[in-house]
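Take 1 as the starting number for the sequence shown in our numbering and just add one per residue. Positions of the beta carbon are idealized from the N, C-alpha and C atoms, including for glycine.
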Amino acid sequence: MRKKIVAGNWKMNMDYEEGLSLFSEVVNMVHDEVTGKQHVVVCSPFIHLHSLAQLAKGNARVSVGAQNAHQAESGAFTGEISAKMIRSTGAEYVILGHSERRQYFGETNELLAKKVDTALQNSLNPIFCIGETLHEREANRHFTIIETQLAEGLFHLDAEHFGQIVIAYEPVWAIGTGVTATSAQAQEIHIFIRKQIAGQYGQEVADNTTILYGGSCNPKNAGDLFAQADIDGGLIGGASLKSRDFVDIVKTFN
Ligand code: 13P
Numbered sequence: 001m002r003k004k005i006v007a008g009n010w011k012m013n014m015d016y017e018e019g020l021s022l023f024s025e026v027v028n029m030v031h032d033e034v035t036g037k038q039h040v041v042v043c044s045p046f047i048h049l050h051s052l053a054q055l056a057k058g059n060a061r062v063s064v065g066a067q068n069a070h071q072a073e074s075g076a077f078t079g080e081i082s083a084k085m086i087r088s089t090g091a092e093y094v095i096l097g098h099s100e101r102r103q104y105f106g107e108t109n110e111l112l113a114k115k116v117d118t119a120l121q122n123s124l125n126p127i128f129c130i131g132e133t134l135h136e137r138e139a140n141r142h143f144t145i146i147e148t149q150l151a152e153g154l155f156h157l158d159a160e161h162f163g164q165i166v167i168a169y170e171p172v173w174a175i176g177t178g179v180t181a182t183s184a185q186a187q188e189i190h191i192f193i194r195k196q197i198a199g200q201y202g203q204e205v206a207d208n209t210t211i212l213y214g215g216s217c218n219p220k221n222a223g224d225l226f227a228q229a230d231i232d233g234g235l236i237g238g239a240s241l242k243s244r245d246f247v248d249i250v251k252t253f254n
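Shown next, in the form of structure tokens:
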């Protein structure tokens, strides 16, 4: 059975102290209120990683992740952070290919394929984001876009390495806009993603892959979305900055 995961993406929010108290609240609430087998991943800015990983040490329900990593192992890349450095903090996940990285930092599928390799070599589990823009959906190109993002970003991996990947479908038009994909729209794409994986790696690998939905997910709409057969959890932006909202979304799987 594939893992159910609710991941928070804090993006560029929370100073050091704010991040620590938010995370402590989340850990305590998860401890007190979560009864299911779902896993929680908090993807914070780099500055928090080590402290959060210390707080999550030995906690079977909660892990910590970063939001980006450089494709090179190490070297003269002033201001960048490597996968090895991230892993050394105790973080276990890294978001790669978020649409904000693709849009504002010019990250291409080709570059992301390298980032995926480096992350895996350093024992980080990538949460690999894919999704179409509004323009692409209106032009009825969403299936092609997603197919290409998967093929160019991930399908060079062998089945064993692919097994380390979590996929997040995040339609760009739903991110931070308050417009959520309907659960039927999301499910349609999740089925499509699983089919692509089955075509590449076989049905068993496809059935074991966790596919998250992201984009204006909140405690009100999470129930409907997560009830879909192929939606295995969420990647939560804005609502992950409020412990109550975030843990309420996590509790959808109780
Ligand atoms: P929002 O939940 O704020 O729409 O952000 C989604 C997202 O980009 C998570 O990575």
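Beta carbon of residue i nearer than 9 Å to that of residue j
{"i": "Phe246", "j": "Thr209", "result": "no"}
{"i": "Arg87", "j": "Leu124", "result": "yes"}
{"i": "Ile249", "j": "Ser183", "result": "no"}
{"i": "Leu225", "j": "Ala186", "result": "yes"}
{"i": "Val42", "j": "Arg61", "result": "no"}
{"i": "Phe143", "j": "Ala168", "result": "no"}
Bridge partners - residue i, DSSP secondary structure assignment
{"i": "Ala7", "result": "Val41 and Leu235"}
{"i": "Tyr213", "result": "Tyr169 and Gly234"}
{"i": "Gly65", "result": "Cys43 and Tyr93"}
{"i": "Pro126", "result": "Val94"}
Residue i Cβ short of 8 Å to the ligand 13P heavy atom set
{"i": "Lys242", "result": "no"}
{"i": "Glu100", "result": "yes"}
{"i": "Lys220", "result": "no"}
{"i": "Gly238", "result": "yes"}
{"i": "Leu235", "result": "yes"}
{"i": "Thr177", "result": "yes"}
{"i": "Glu170", "result": "yes"}
{"i": "Ser216", "result": "yes"}
{"i": "Asn9", "result": "yes"}
{"i": "Ile95", "result": "yes"}
{"i": "Ala186", "result": "no"}
{"i": "Ala69", "result": "no"}
{"i": "Ala174", "result": "yes"}
Span separating the alpha-carbon of residue i from that of residue j
{"i": "Glu107", "j": "Trp10", "result": "20 Å"}
{"i": "Val172", "j": "Val6", "result": "19 Å"}
{"i": "Glu18", "j": "Gly202", "result": "44 Å"}
{"i": "Ile211", "j": "Ile146", "result": "13 Å"}
{"i": "Val94", "j": "Asp207", "result": "22 Å"}
{"i": "Leu120", "j": "Ala227", "result": "30 Å"}
{"i": "Ile130", "j": "Ser21", "result": "31 Å"}
{"i": "Lys57", "j": "Ala239", "result": "24 Å"}
{"i": "Phe46", "j": "Gly8", "result": "14 Å"}
{"i": "Gly79", "j": "Met85", "result": "13 Å"}
{"i": "Asn221", "j": "Phe105", "result": "30 Å"}
{"i": "Val205", "j": "Ala198", "result": "7 Å"}
{"i": "Lys242", "j": "Asn254", "result": "19 Å"}
Where residue i sits in the DSSP three-state scheme
{"i": "Asn140", "result": "coil"}
{"i": "Glu18", "result": "helix"}
{"i": "His135", "result": "helix"}
{"i": "His70", "result": "coil"}
{"i": "Glu80", "result": "coil"}
{"i": "Phe155", "result": "coil"}
{"i": "Phe105", "result": "coil"}
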